[in-house]
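Student: Count along the sequence shown starting at 1, add 1015, and that's the number in our numbering.
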Amino acid sequence: MSAENPDTFQGCIQLHQLGETSVSFSSADACGARGVIGSSAPGADERSTGWLLVCHKVPGRICQGRSEAYFKANDVLLIDRNRAYCRDLGTVRATSIVIPKSVVPDTFTRGLLEDSVAYRLSSTAAGWSRILSANMAALNAEFVSRLAVNEYETRLLLDHIGHTLVLALTEARGQASPTREACASISGGIRRELRGRICAWLKENYPRPNLTAQTVATEFGISVRYVHQLFADAPGRQSFLSTLRGYRFEHAVLLLHSPASRTWPIAEVARQCGFSDPAYFCLAFRQRMGCSPRAFRASLLSRANERFWKDCQA
């Protein structure tokens, strides 16, 4: 997001990056209140696209060409980040938050921004628009800076703002409330993205012998319960421990098969895969593969020797 055009905007911008989203606080006097407030560069990836929610503490106007929109204090504007707009007329006191399309898909905003510079959610209308306005107005730099070190709370904020926006848009269009499944799909996108990053981290760190759900919770700033929930809700419902063991056993099979480590003691194979207890490794390996690590290695060697003699006789 380019929050303001540096050539024309003369004021203060505090930008806080929170994972896949960002929150900024803009402040300027009337002389420097003109600038670009939302744009994405051509070729930007999915993480840089989406929606910009802007809550102004003072009234003003934004425009694009001949299209313009006036807003009142504390109104929330929904803006497509792929289009650039200018804001002028008056002092700027604004809070902006990026809402990725993984949180609020196009289906909830279709038709709202086609002929308008922005979609205005009134802060005085009864219902979800007012709640969204209050949430945006309550954000401050001190609170947001604390979120930067706690990914779990960041996810909760983004999830909450996204759900409230969906309800406000649905209400403003006079439609029935979105279904439970539709709301679940919003938070589901957040959970899938986080679970994917946790799995990528596990693939790099599974050799650590004392790696537990608590280790992951501390690393990502979430609770142990939420770690287990992320994996329990995934397709296949494979638990965190089962996922971790899967990565470890994949590596064990490679080590038992590789010529470079084929002569290693089983205890060393276990250690390289994150098992501090060789006896437990052998037991768990037998339960998963149907034979002991030693027997598994012997069968691989036997098949390799058989192929070798067949090649010699050919």
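Built from N, CA and C at the ideal position, the CB exists for glycine as well.
Using a threshold of 8 angstroms, state whether the C-beta atoms of Met-1304 and Phe-1296 are closer than that.
Tutor: No; because the gap between Cβ atoms is not below 8 angstroms, this pair is not in contact.
Student: Decide if Thr-1169 is buried, meaning its Cβ has at least 16 other Cβ atoms within 10 Å, or exposed.
Tutor: By the neighbour-count rule (16 or more Cβ atoms within 10 Å), Thr-1169 is buried.
Student: With a 10 Å radius around its C-beta and 16 neighbouring C-beta atoms as the bar for buried, classify Ala-1285 as buried or exposed.
Tutor: The residue in question, Ala-1285, is buried, as its Cβ has 16 or more Cβ neighbours within 10 Å.
Student: Out of curiosity, what's the CA-to-CA distance linking Leu-1316 and Arg-1263?
Tutor: Near 21 angstroms, if we compare the C-alpha coordinates of Arg-1263 and Leu-1316.
Student: Taking the DSSP output, what are the residues bridged to Leu-1256?
Tutor: In DSSP, Leu-1256 forms no bridge with anything.
Student: What span of residues does the alpha helix (DSSP H) with Phe-1246 cover, start to end?
Tutor: From DSSP, the alpha helix (DSSP H) with Phe-1246 extends over 1239-1247.
Student: Enumerate in chain order the residues of its own chain whose CB-to-CB distance from Ala-1334 is below 7 angstroms, with the five nearest sequence positions on each side excluded.
Tutor: Here the chain has residues from 1016 to 1329 only, and residue 1334 is not among them.
Student: In terms of residues, what are the limits of the beta strand (DSSP E) holding Cys-1070?
Tutor: Where Cys-1070 is concerned, the enclosing beta strand (DSSP E) stretches over 1066-1071.
Student: If we ignore side chains and look at the alpha-carbon of each, how far apart do Arg-1223 and Thr-1230 end up?
Tutor: Approximately 10 angstroms, taken between the alpha carbons.
Student: Is the beta carbon of His-1031 closer than 8 angstroms to that of Ala-1152?
Tutor: Cβ atoms of Ala-1152 and His-1031: not closer than 8 angstroms.
Student: Just tell me which of Ala-1313, Ala-1228, Arg-1240, Ile-1028 has its CA closest to the CA of Ala-1109.
Tutor: The shortest C-alpha separation from Ala-1109 is found at Ile-1028.
Student: Report buried or exposed for Asp-1095, applying the criterion of at least 16 other Cβ atoms within 10 angstroms of its Cβ.
Tutor: Result: buried.
Student: Any idea if Ser-1055 is buried or exposed, counting beta-carbon neighbours within 10 angstroms, 16 or more meaning buried?
Tutor: With a pLDDT of 40 at Ser-1055, under the threshold of 50, the modelled position of that residue is not reliable, and the figure given next carries that caveat. Looking at its Cβ environment, which holds 16 or more other Cβ atoms inside 10 Å, Ser-1055 is buried.
Student: Using three-state DSSP, classify Cys-1214 as helix, strand or coil.
Tutor: Cys-1214: helix per DSSP, three-state reduction.
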